[in-house]
Amino acid sequence: NAGVTQTPKFQVLKTGQSMTLQCAQDMNHNSMYWYRQDPGMGLRLIYYSASEGTTDKGEVPNGYNVSRLNKREFSLRLESAAPSQTSVYFCASQSPGRYYGYTFGSGTRLTVV
Amino acid sequence: GENVEQHPSTLSVQEGDSAVIKCTYSDSASNYFPWYKQELGKRPQLIIDIRSNVGEKKDQRIAVTLNKTAKHFSLHITETQPEDSAVYFCAASEYSTLTFGKGTMLLVSP
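The following block contains the structure:
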């Protein structure tokens, strides 16, 4: 069982370039999440998907779009990258029910220059 | 929305001492409170959680307490070891979406 798989692990972009961060889980979880982690800021929710076919904005959605391609996959897209989007991005999935914590992917370290 | 405050931001202890990290939350409807440990360069991993109908939960050297009236919960680590050194995050949730605190960097010196 791989759990939650994120690709790529590292990426450097130039300002204005676009890219898609990929996330896939093999645990048959309904809910999936994208967080960004910045020093001293903790983990902040970008977008989430409670089930296949639905997506909702989190705390910091500006500059991002998401696609829940199927139950397994949830991608995050940066259409025009900005230096403020330099961060570590974590995808997570959650077992059904309200009393279960997340399983996180290994993260993508993105630098925008 | 929910707001979670976490203190202290850094905590240094000697091996064998106890460590306590405290969090407060704003939404009285929150009913699930997990704690995550993140080692340097790694992903956050769930170490313990507590539900709102429970006041305390223990798992070997770690324990979590919850005071719903005061809207605060705490992580207690006893007999700390160097491998406990990491960043610890608390979180709160009413239904599914977790709101995280800003984290506590725990350093355990041999």
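Chain order of the listed sequences is R and V.
Position 95 of the first sequence, counted from 1, bears residue number 95 in the working numbering, the numbering being contiguous throughout.
Counting from 1 along the second sequence, just add 113 to a position and that's the residue number in the working numbering.
We put the beta carbon where it would ideally sit given N, CA and C, even for glycine.
Does any residue of chain V have a CB that is nearer than 8 Å to the CB of residue i?
| i | result |
| --- | --- |
| R:SER106 | yes |
| R:GLY42 | yes |
| R:LEU13 | no |
| R:TYR48 | yes |
| R:LEU21 | no |
| R:GLN25 | no |
| R:TYR102 | yes |
| R:LEU110 | no |
| R:LEU76 | no |
| R:SER93 | no |
| R:LEU31 | Contrary to the premise, residue 31 of chain R reads as Ser rather than Leu in this sequence. True, the Cβ-Cβ gap to chain V drops below 8 Å. |
Helix or strand or just coil, what does DSSP make of residue i?
| i | result |
| --- | --- |
| V:PRO147 | strand |
| V:GLU196 | helix |
| R:GLU84 | Sequence check: residue 84 of chain R is Ser here, not Glu. Correct three-state label for R:SER84: helix. |
| R:SER67 | strand |
| R:ASP56 | strand |
| R:MET118 | Here chain R comprises residues numbered 1 to 113, so residue 118 of chain R is not present and cannot be evaluated. |
| V:ASN180 | strand |
| V:VAL167 | coil |
| V:GLN173 | coil |
| V:GLU100 | Since the first and last residues shown for chain V are 114 and 223, residue 100 of chain V lies out of range. |
| V:MET218 | strand |
Quick check on this structure: which residue in the options has the alpha carbon closest to the alpha carbon of residue i?
| i | options | result |
| --- | --- | --- |
| R:ARG72 | R:LEU78, R:ALA81, R:ALA50, R:THR86 | R:ALA50 |
| R:GLY16 | R:ASP56, R:GLU52, R:PRO83 | R:PRO83 |
| V:VAL177 | V:ALA204, V:GLY154, V:PRO157 | V:ALA204 |
| R:GLY40 | V:SER222, V:GLU196, V:SER209, V:HIS120 | V:HIS120 |
| V:PRO195 | V:SER131, V:SER122, V:GLU115, V:LYS170 | V:SER131 |
| R:LEU21 | R:ARG44, R:THR54, R:GLY3, R:SER67 | R:SER67 |
| V:LYS150 | V:LYS181, V:PHE202, V:VAL167 | V:PHE202 |
| V:VAL117 | V:ASP197, V:ILE175, V:ASP140, V:LYS170 | V:ASP140 |
| V:SER206 | V:ILE134, V:PHE186, V:GLN127 | V:PHE186 |
| R:PHE104 | R:LEU110, R:VAL88, R:THR111, R:VAL113 | R:VAL88 |
| R:VAL60 | R:THR54, R:LEU69, R:TYR48 | R:TYR48 |
| V:THR210 | V:GLY154, V:ALA183, V:ASN144 | V:ASN144 |
| V:GLY114 | V:ILE190, V:TYR138, V:LEU219, V:ILE161 | V:TYR138 |
| R:ALA2 | R:ARG109, R:ALA92, R:ARG77 | R:ALA92 |
| R:ARG77 | R:TYR35, R:VAL4, R:HIS29 | R:TYR35 |
Kindly indicate the opening and closing residues of the beta strand (DSSP E) around residue i.
| i | result |
| --- | --- |
| R:ASP38 | 31 to 38 |
| R:GLY42 | 42 to 49 |
| R:ARG109 | 108 to 112 |
| V:ALA132 | 132 to 138 |
| V:TYR208 | First-last for V:TYR208: undefined, no H or E at that position. |
| V:GLU89 | In the structure displayed, chain V extends from 114 to 223; residue 89 of chain V sits before or after that span and is not available. |
| V:THR191 | Taken as a continuous stretch (DSSP letters only), V:THR191 belongs to no beta strand (DSSP E), as it is neither H nor E. |
| R:SER75 | 74 to 78 |
| R:TYR102 | 102 to 104 |
| R:LEU13 | 10 to 13 |
Beta-carbon of residue i versus every beta-carbon of chain R: anything under 8 Å?
| i | result |
| --- | --- |
| V:ARG91 | There is simply no residue 91 of chain V to check, as chain V begins at 114 and stops at 223 in what is shown. |
| V:LYS215 | yes |
| V:PRO157 | yes |
| V:SER139 | no |
| V:SER125 | no |
| V:PHE202 | yes |
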